[in-house]
Amino acid sequence: MSGRPVDMTPWLNAAVATFDGERPRGALNAWGNSFPAEELPFGSLLKVGGVDFRLPAKAPGEPDSVEPLGQMIMVPGAPRALGIALLCCGEMGDQWVPVRVLGERGEVVAGFVAVARGVMIPAESDLGDEGFAGSHLHYPGDYDLALALPAAWRVEHRWEAPASVACVELGSNPLFHLLAMTLLDRA
Amino acid sequence: MTTTLFSYAERLAAEQAPRAAALRLGLRWSFGLPASGLEAIPEYGLPLNPEPILAALERRGGIRIVRHEGDGEVSLYDHLAAGRPAIVAIDAFYLPFRPAYGRVYSSRTVRASGTGGAIRIQDLWGPPAEGTVSREILETARFSSVPLDVDREPLFSGNPVGGVWFSVEAAPFELADGAAWARERLEWLQDEMARPRADERGEYGLQALRKFRGWLEERLAGPPDESLAARRGGSLLLRPELTSRLYLGVFLRNAAHLLGDARLKEEVERYRAALGHWQAAMDVLTKTVRTRRPEYDDFIRHHFARACENEERLLAALVPYSP
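In the order they appear, the protein sequences are chains A and B. Its first residue numbered 3, the first sequence is counted upward by one per residue in my numbering. Its first residue numbered 10, the second sequence is counted upward by one per residue in my numbering.
In structure tokens:
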């Protein structure tokens, strides 16, 4: 496993994916779009650009992601890390949110602005190592439309020397969707 | 994110007069609060202005955008037959090359060109697409009632298209004295935003912006039906207003350069960056048409307050240019 995934389960507050039978519940944006849940390895690992992200377990109707609203995401054991990777996407285009990584005594290990690229990409896009795309976009109606796909992007931030990470503090932006978070332990 | 009308108007103007289309479309600064219902504003709505905006843009910058309703005075097809492209309001439900064909009623504008049996349509709405349609299909799309379907199209359904189309003519752009030209327009714009005005169409200026902010805050906390109407209507009002400001920013940046005013340049860059607050408030307001959470409304209030402060700060910065 590359990196140490952070369990965000206690902070999940939104759903970016729907299973086939619940497409009308889509809420990734005001148009009711969503990722196809069957294509995301909920409860397991998703490797993007060499980083292992652990997606939460998910059943229909359950939350699967975090919309940053000022949460303090605690990291048990305060492991040492060289950086952090986010799997994220922006609703209504690119979105940004301030992030602070805090050590055991509350000291600031790193502060940065995470920028999530927009969730909608043209169907022929090649994301390479930068993200993960679904094969189709869920709409709230009983149809698939072929020209746009949902994508989640890998965003990394690294700091100079290994440091213990006890908490990740998120700023506030409901248009930023955080699917997973992994602490990076290799240069 | 600009409205489709402004996007196409800029392109058409640039094709005719390659210099400075964007800044010439930015020669308006006010806030127009309509007396009529906000939910009647279409995606291609123009911001309300004390001097009607199309007349203002023509007088101040030489770009003539004419809004036509149907084909009474000037036929769209005669216009196209003369080799001129047009910006046409349509319901995307009827465009066969769009993936939403036959599924989602949604109005916006597209660029139309060509004549005869095959009219070429360019649609920039993401993801962009183009195709050809017959006159019969275009007529159906132009005169659709665009039935309301908030679930599939939370903003751009519910208002008939009514055959609206736009033509654009851009006069050549030459400045004998750029500084004088810019100074004159800064005076007009400062006054346009600073001075409270009202007429049968609505209210204008910073005072109207403050009134809208108060109205929105009340409605966000109100009964669900009122709240939903305010969220939709507010989103529809704020989009063309933000679009207008994005183009205003282009003019202001150029004006600061023409005037050699470093202080103004700094204030303009600050203003342009802070338009992100307007965008953030507007986009989350749109989000709340489908999904509600108290934190979302707090976010909207916070960012719209910052957006209003941004307008006031720019107004103060332009005082040296007031009439």
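Where is the CB? At the ideal position from N, CA and C, for every residue including glycine. Nothing here was measured: the structure is a model prediction, and the numbers come from that model.
query, result
"How would you list, in chain order, the residues of chain B whose beta-carbon sits under 9 angstroms from the beta-carbon of A:A2?", "An answer regarding residue 2 of chain A cannot be provided, because it is not within the stretch 3 to 189 covered by chain A."
"For B:T124 and B:E139, what's the separation of their Cα atoms in angstroms?", "16 angstroms"
"Within this structure, are the beta carbons of A:V68 and A:L14 separated by less than 8 angstroms?", "yes"
"Do A:A150 and A:M183 have their C-beta atoms within less than 8 angstroms of each other?", "no"
"Could you tell me the distance, in whole angstroms, from the CA atom of B:R20 to the CA atom of A:L71?", "39 angstroms"
"Quick one: what's got a C-beta closer than 7 angstroms to B:Q216's C-beta in the same chain, skipping five residues either side?", "P205"
"Between the beta-carbon of B:S39 and the beta-carbon of B:Y213, is there less than 8 angstroms?", "yes"
"Tell me the residue span of the beta strand (DSSP E) that contains A:A163.", "150-166"
"Going along chain A, which residues have a C-beta under 8 angstroms from B:G140?", "Those within 8 angstroms of B:G140 in chain A number zero; the least Cβ separation is about 12 angstroms."
"Let's see if you can read the secondary structure: which residues bound the beta strand (DSSP E) around B:S116?", "116-122"
"Taking the CB atoms as reference points, tell me whether A:A61 and A:L88 lie closer together than 8 angstroms.", "no"
"Do we get a CB-CB distance below 8 angstroms when we pair B:P332 with the residues of chain A?", "no"
"Does the separation of the CB atoms of A:F178 and A:A153 fall below 8 angstroms?", "no"
"Are the segment 217-229 of chain B and the segment 306-313 of chain B in contact at 8 angstroms, needing three or more beta carbon pairs?", "yes"
"Figure out for me which residue from B:Y110, B:R37, B:E52 has the closest Cα to the Cα of B:V173.", "B:E52"
"Assuming B:L42 contacts B:K220 (C-beta within less than 8 angstroms), just tell me the rounded distance between them.", "6 angstroms"
"Here's the rule: buried if 16 or more other CB atoms are within 10 angstroms of the residue's CB, otherwise exposed. What is B:R120?", "buried"
"Pick out whichever of A:Q73, A:G52, A:A32, A:G23 has its Cα sitting closest to the Cα of A:M10.", "A:Q73"
"If you count every other CB in all the chains shown that lies within 10 Å of the CB of B:E28, and 16 or more means buried, which is it?", "Correcting the residue identity first, residue 28 of chain B is Arg in this sequence and not Glu. B:R28 comes out exposed."
"Rounded to the nearest angstrom, what separates B:R322 and B:R281 at their Cα positions?", "12 angstroms"
"Any beta carbon from chain A within less than 8 angstroms of B:A109's own beta carbon?", "yes"
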